[in-house]
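Read in the numbering used here, the sequence shown has 1345 at position 253, and its numbers run on one by one without any break.
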Amino acid sequence: MNNNSSSFIGAAKRPGLPLRQFVGIAIVLAGVLVLGAQLWQSVASRPVVLQALTGGSVAALATALGTLPILFSQRLSERAQDTLFGFGAGVMLAASAFSLIIPGIAAARATGVDAWGAGGIVGSAILLGALALLVLDRVLPHEHFIKGVEGRNAQVLRRTWLFVFAIALHNLPEGLAIGVGFAGGDALRGSALATGIAIQDVPEGLVVAVALLAAGYRRAFAVGLGMASGLVEPLGAVLGAAIVSGSAALLPWGLGFAAGAMLFVISHEIIPESHRKGHEAFATGGLMVGFVLMMLLDTALA
């Protein structure tokens, strides 16, 4: 202990060491500020990307609001959780159909492609989106609340990070969908999509926080991580809008890709999670209500 103490004191007395640390931190902070300013200028100069950022931020805020009840009560029945899972799946399913796939086919037809060609483009994009999520699901280590650990090298990471990666895999397609929804040039349709996703993000944030609490995490940590999980959505929204808005030819591909990613999450993640505890009827009922709500939002606001 004495050796360690003397070495620590010696290190602290070395001239210039705190200054080097200060300079290093200052350089990093300056780089972050410059990068942030450049990103903001890029976003502010492109109205579509700014709209996508706003829509993604609203969805992230909805996720954060959904976690707040955990600060006052930790009880949420498994039946209620499965119903909320089903509701989220229904919203995402309707959004995939009415806000992404159908507009994607229309966008492809607008470029002069015939009906078969438009369907082939969007269908191929759907498969690519699902394949991308499948690759991430296999490669990125993560842990589901019910299914357990998946992905490579999962055992070497702390369990917290496995949950974080799982939540990111779930929320990324939602952000991408918002981004490409606004990139289509129809602000009302993009707003309807963002509104629907934000509505389902409220119970989703609650379910995530409840699941983290049930997994043994402290109440404040469960709420904080549940809130942070929504930050993936504005990032995905900006990414999707920035890539797709620059080219009309990319729009049907972007819409189909986002739809495929969401459909993968619905089938691979949400439905299995909601059907493992014997509450299939409630999960299906939630799915039907969520689907109809998102359909009405899309058809009424678009």
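Positions of the beta carbon are idealized from the N, C-alpha and C atoms, including for glycine.
* Around the C-beta of Arg-1230, are 16 or more other C-beta atoms found within 10 angstroms, so that it is buried, or is it exposed? -> On the sequence shown, residue 1230 is found 138 positions in, with the first residue counted as 1. Exposed.
* **CA-to-CA distance, Ile-1162 to Leu-1168, given in whole angstroms** => If you number the sequence shown from 1, residue 1168 lands on position 76. If you number the sequence shown from 1, residue 1162 lands on position 70. Between the C-alpha atoms of Leu-1168 and Ile-1162 there is a straight-line separation of about 9 Å.
* Asked: Between the region 1343-1355 and the region 1192-1209, do at least 3 Cβ pairs fall closer than 8 Å?
  -> Under the three-pair Cβ rule at 8 Å, the region 1343-1355 counts as touching the region 1192-1209.
* **Inter-residue Cα distance where the pair is Ala-1152 and Gly-1308** => The residue labelled residue 1152 in the question sits at position 60 within the sequence shown. The residue labelled residue 1308 in the question sits at position 216 within the sequence shown. Cα to Cα, Ala-1152 sits roughly 24 Å from Gly-1308.
* Whole alpha helix (DSSP H) runs in the region 1317-1365 with 4 or more residues, listed along the chain? -> DSSP runs (the alpha helix (DSSP H)) wholly in the region 1317-1365: 1324-1336 and 1342-1357.
* To do: Measure how close the beta-carbons of Asp-1174 and His-1360 come, nearest whole angstrom, since I'm counting them as under 8 Å.
  => Residue 1174 sits at position 82 when you count from the first residue of the sequence shown. Residue 1360 sits at position 268 when you count from the first residue of the sequence shown. Actually they are not in contact, since the Cβ atoms of Asp-1174 and His-1360 sit about 17 Å apart, beyond 8 Å.
* DSSP-derived helix/strand/coil call for Phe-1164 -> Stepping through the sequence shown from its first residue, residue 1164 is reached at position 72. Phe-1164: coil per DSSP, three-state reduction.
* To do: Below 7 Å CB to CB, which residues in the same chain sit around Gly-1158 once its five sequence neighbours on both sides are set aside?
  => Translated into positions along the sequence shown, residue 1158 becomes position 66. Excluding residues up to 5 positions away in sequence, Asp-1293, Val-1294, Pro-1295, Glu-1296, Gly-1297 and Leu-1298 lie with their Cβ nearer than 7 Å to the Cβ of Gly-1158 in the same chain.
* Report the residue from Leu-1317, Ser-1321 and Gly-1276 whose alpha carbon sits nearest the alpha carbon of Gly-1332. => Reading the sequence shown from its first residue, position 240 is the one you call residue 1332. With distances taken between Cα atoms, Gly-1332 lies closest to Gly-1276.
* Who are the near neighbours of Ala-1154 in its chain, counting only those whose CB is closer than 6 Å to its CB and skipping five residues on each side? -> Residue numbering aside, residue 1154 sits at position 62 when the sequence shown is read from its first letter. Ala-1290, Asp-1293 and Val-1294.
* Asked: Whole-angstrom Cβ separation of Ala-1187 and Gly-1288, contact assumed at under 8 Å?
  -> As a first step, residue 1187 must be located in the sequence shown, where it is residue number 95. As a first step, residue 1288 must be located in the sequence shown, where it is residue number 196. Confirmed, about 6 Å.
* **Asp-1293 (DSSP reduced to helix, strand or coil)** => One-based indexing of the sequence shown puts residue 1293 at position 201. Helix.
* For Arg-1368, the three-state DSSP class (helix, strand or coil) -> Here residue 1368 refers to the residue found at position 276 of the sequence shown. If DSSP states are grouped into helix, strand and coil, Arg-1368 belongs with coil.
* Asked: Taking C-beta to C-beta, are Ala-1156 and Gly-1322 nearer than 8 Å?
  -> Within the sequence shown, residue 1156 is the residue found at index 64, counting from 1. Within the sequence shown, residue 1322 is the residue found at index 230, counting from 1. Yes. Within cutoff.
* Verify whether the separation of the beta carbon atoms of Val-1324 and Leu-1264 is less than 8 Å. => Walking along the sequence shown from the start, residue 1324 turns up at place 232. Walking along the sequence shown from the start, residue 1264 turns up at place 172. The criterion of a C-beta distance shorter than 8 Å is satisfied by Val-1324 and Leu-1264.
* Excluding the 5 residues preceding and the 5 following Val-1381 in the sequence, name in chain order all residues of the same chain whose CB lies nearer than 7 Å to its CB. => As a first step, residue 1381 is located in the sequence shown; it is residue number 289 there, counting from the start. If we look at Val-1381 and ignore the five residues flanking it on each side, its Cβ neighbours are Phe-1179 and Gly-1182.
* **Cβ shell of Val-1140 (< 7 Å), same chain only, five flanking positions each side left out** => Taking the sequence shown and counting its residues from 1, one reaches residue 1140 at position 48. Close CB contacts of Val-1140 within its chain, under the 7 Å cut and outside five residues either way in sequence, are with Phe-1274, Ala-1275, Ala-1333 and Ser-1337 (chain order).
* For Ala-1314, collect the residues of the same chain with a Cβ closer than 7 Å to its Cβ; drop the 5 residues on either side in sequence, then sort them by chain order. => One-based indexing of the sequence shown puts residue 1314 at position 222. Beyond the five residues adjoining it in sequence on each side, Ala-1314 comes within less than 7 Å, by CB distance, of Ile-1162, Ala-1301, Leu-1304 and Leu-1305 in the same chain, given in chain order.
* Asked: Which stretch, first to last residue, makes up the alpha helix (DSSP H) that contains Arg-1201?
  -> The residue labelled residue 1201 in the question sits at position 109 within the sequence shown. 1194-1202 is the span of the alpha helix (DSSP H), which, as asked, contains Arg-1201.
* To do: Would you tell me roughly how many angstroms separate the C-alpha atoms of Ala-1122 and Gly-1377, rounded to the nearest one?
  => For this step, residue 1122 is matched to residue 30 along the sequence shown. For this step, residue 1377 is matched to residue 285 along the sequence shown. Taking the straight line from one Cα to the other gives about 52 Å.
* **Reduced DSSP secondary structure (H/G/I, E/B, other) of Val-1205** => Within the sequence shown, residue 1205 is the residue found at index 113, counting from 1. Of the three classes helix, strand and coil, the one that applies to Val-1205 here is coil, per DSSP.
* Asked: If you drop the 5 nearest sequence neighbours on each side, which residues of the same chain put their C-beta closer than 6 Å to that of Gly-1271?
  -> To locate residue 1271, count along the sequence shown from 1; it is residue 179. Excluding residues within five positions, the ones whose Cβ falls inside 6 Å are Ala-1144, Ala-1329, Gly-1332 and Ala-1333.
* Arg-1281 in three-state terms, based on DSSP -> Here residue 1281 is taken as the residue at index 189 of the sequence shown, counted from 1. Residue state, collapsed to three classes: helix.
* Asked: Which residue's Cα is closest to the Cα of Leu-1280: Gly-1215, Glu-1365, Arg-1368 and Ser-1191?
  -> Working through the sequence shown from its first residue, we reach residue 1280 at position 188. Looking at the Cα atoms, Ser-1191 is the closest of the given residues.
* Asked: Which term fits Val-1227, buried or exposed, when burial requires 16 or more other beta carbons within 10 angstroms of its beta carbon?
  -> By one-based count along the sequence shown, residue 1227 stands at place 135. Val-1227 counts as exposed, since fewer than 16 other beta carbons sit within 10 angstroms of its beta carbon.
* Mind checking Ile-1119: buried by the 16 CB within 10 Å criterion, or exposed? -> In the sequence shown, the residue the question calls residue 1119 occupies position 27. Looking at its Cβ environment, which holds fewer than 16 other Cβ atoms inside 10 Å, Ile-1119 is exposed.
* Asked: For the alpha helix (DSSP H) that Gly-1308 lies in, which residues bound it at each end?
  -> Indexing the sequence shown from 1 puts residue 1308 at position 216. Counted as a single uninterrupted DSSP element, the stretch harbouring Gly-1308 is not any alpha helix (DSSP H), since DSSP gives it neither H nor E.
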